[in-house]
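The next block holds one structure in the form of structure tokens; read it before the comments.
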Amino acid sequence: MVLSIHSEKAFRQFLLPAVNNSEHSITLEEDIFLLNEDVELQMEIIESRWHFLPSEQYEIENTITRQDYQGFDLKDGDLLSVTLKKGGRFPSWWMRQRMRSGSFRNLTSAGYRISR
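All the letters of the sequence shown, read from the start, carry residue numbers 1 to 116 under our numbering.
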């Protein structure tokens, strides 16, 4: 699964490892994403399903439904927002999962189109 994250000034993709029943973290570097400090997104994969672990550093919500997303299984095409508790917000994230054909599904959000 590929996790694509963008802010106003940065875009980055992270390939999540295909290792079952383990924890993983993704670091959003302060200099790349223009943050006050590095932010570590804590994740876990159980039975091939990824989800974000609770954190005191940030909150994650589904951008469409505005529901809290921590603890929910990540799904292909989900659009998420993260709010940092010390200030700052990433308005759009794309969750993309490699399709069987070897290509990625095209996603459109906020005027951006990403395909591969």
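Don't be surprised by glycine CBs; every beta carbon is placed ideally from N, CA and C.
Checklist entry - Do the CB positions of L41 and S22 come within less than 8 Å of each other? => result no
Next on the checklist: Using a 10 Å radius around the Cβ and a threshold of 16 neighbouring Cβ atoms, would you call R48 buried or exposed?
Outcome noted: The amino acid occupying residue 48 in the given sequence is Ser; Arg does not appear at that position. Flag for S48 reads exposed.
Checklist entry - How would you call V39, buried or exposed, if buried means at least 16 neighbouring beta carbons within 10 angstroms? => result buried
Checklist entry - Per DSSP, N62 forms a beta bridge with which residues? => result L80
Checklist entry - With distances taken from CA atoms, which of F52, Q57, S55, T83 is nearest T63? => result T83
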